[in-house]
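Once you know that position 220 of the sequence shown is 219 in numbering that gives the first Met the number 0, the rest is easy, because the numbers rise by one and skip nothing.
By construction, the Cβ of each residue, glycine as well, lies at the ideal position given by its N, Cα and C atoms.
Only a predicted model underlies this, so the values are computations on that prediction, with no experimental measurement involved.
Presented below is the structure to which this report refers.
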Amino acid sequence: METTNKKEATKKIFIFLGAIIFIGILYLGYYFLFADGYEETENSYIKANQTPITAQVSGVINKINIENTYAITKGNTVISIDNSNYKIALTNAKAQLGNAVRKYYILQNNVKLNEANVSTALENLNLAKKTFYRISKSFKAGITSKENYDTTHFKYLQSKNAYEQSLVNLNNSKIQAHSTNIYTHPMVSSAIENFKKSYLDLEKTKIASPISGTIAKKSVGVGQEIKPGQELFTVVDLNNIWVNANLKETQLKDVKPGNPVEIKSDLNKKIYQGIVTGISAGSGSAFS
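What follows is the structure, given as structure tokens:
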């Protein structure tokens with residue numbers, strides 16, 4: 000009876016050892032076939048594009064249509080700044096542009112007017128020159144008086160000076176009016192740029208998001224005065240998210256872009272399939 004029990008015990012031991020060896024073989028097979036090169040970490044978190052929205056003009060906020068966690072659509076106005084001063088600036092810029100256009104055409108007309116003055120002055124000079132030449136001969140011949148000669152000479156000099164001044168006036172008017180066309184004239188071009196700026200400043204009092212997403216980090220309220228560059232809120236694009244996984248250096252040996260990845264969510268315990276899209280050029284401390 001004792002011998003039989005020993006045999007049974009020995010048999011059970013061999014079976015147990017065999018099971019352990021079999022499990023070990025299975026594990027080794029699994030490791031070499033599947034687990035070798037497989038890396039795992041719980042130090043990972045979800046990331047998404049975060050777009051901070053800043054003010055481009057100063058003013059007092061008079062309307063807000065958002066709160067944190069609100070979903071917004073690209074291009075929809077969510078914050079408005081009091082635009083009274085910007086409307087006035089645009090009206091003034093429009094008037095200045097109209098005045099610049101009017102002055103431009105006045106300058107063009109001045110050129111034509113001065114061209115006519117030059118033509119008249121030249122005719123007067125030629126007439127005065129002929130008259131002086133004739134009187135000079137008469138004076139030398141003793142036919143006319145010295146007074147008449149002096150008067151004629153004076154008129155000739157006046158005509159000559161008038162002609163030279165008309166040339167200067169014409170040249171100045173051409174310089175002031177010179178441009179390829181009305182749009183390239185400095186006075187008009189400056190007024191156009193001022194009008195554009197005033198228009199854009201008015202448009203910037205309506206603040207919208209350049210992307211669709213979810214509001215986060217809202218930091219302003221109605222009645223608050225804001226300045227250019229001040230951050231108002233952040234838009235998070237939840238339609239384009241990824242996971243940052245922090246692995247040790249020793250785990251990165253076989254990790255390459257394109258490797259398949261399993262991602263287990265702590266929120267719903269679901270498993271998602273993904274791929275490695277890239278490996279960072281440095282760790283957090285390297286960029287601090």
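Residue of the options minimising C-alpha distance to residue i
i: Leu106; options: Asn168, Tyr155, Asn91; result: Asn168
i: Pro227; options: Ala18, Ala54, Lys205, Thr50; result: Ala54
i: Tyr271; options: Gly277, Ile240, Ile278; result: Ile240
i: Ile191; options: Glu41, Lys93, Ile12; result: Lys93
i: Val219; options: Asn109, Lys62, Ser118; result: Lys62
i: Leu89; options: Glu163, Asn116, Ile60, Thr204; result: Thr204
i: Lys255; options: Ile274, Tyr44, Ala115, Glu261; result: Ile274
i: Asn64; options: Lys136, Ser57, Ile80, Ala120; result: Ile80
i: Gly74; options: Asn258, Ile206, Leu166, Lys269; result: Ile206
i: Asp253; options: Asn238, Glu261, Ile278, Lys269; result: Ile278
i: Gly58; options: Gly257, Asn245, Asn108, Glu224; result: Glu224
i: Gly281; options: Leu166, Asn245, Pro209; result: Asn245
Per DSSP, the bridge partner or partners of residue i
i: Tyr271; result: Ile262
i: Gly58; result: Ile225
i: Gln49; result: Val235
i: Ala70; result: Thr213
i: Ile63; result: Ile78
i: Ser43; result: Ala244
Terminal residues of the alpha helix (DSSP H) in which residue i lies
i: Gly277; result: Gly277 -> no alpha helix (DSSP H), and no H or E assigned at all.
Where the beta strand (DSSP E) containing residue i begins and where it ends
i: Ile290; result: Coverage of the chain is limited to positions 0 through 287, which leaves residue 290 absent and any answer about it impossible.
heavy atom of the ligand HEM below 6 Å from residue i C-beta
i: Lys196; result: Among the ligands in the structure shown, none appear at all, so the ligand HEM cannot be discussed.
Every unbroken beta strand (DSSP E) within the stretch 203-251, with a cutoff of 3 residues, ordered by chain: 205-207, 212-215, 230-244
Considering only residues of the stretch 129-190, which uninterrupted alpha helix (DSSP H) runs meet the minimum length of 4 residues and lie entirely inside it, listed in chain order? 145-176
Is there contact here, the stretch 195-203 with the stretch 168-186, by at least three beta-carbon pairs under 8 Å? no
Is there contact here, the stretch 262-277 with the stretch 72-90, by at least three beta-carbon pairs under 8 Å? no
Three or more C-beta pairs under 8 Å: does that hold for the stretch 230-247 against the stretch 35-52? yes
On the three-pair Cβ rule with 8 Å, is the stretch 206-219 touching the stretch 68-84? yes
Could you tell me whether the stretch 145-161 touches the stretch 126-133, where touching means 3 or more Cβ pairs closer than 8 Å? yes
Do the stretch 98-105 and the stretch 248-262 touch if we need at least three Cβ pairs shorter than 8 Å? no
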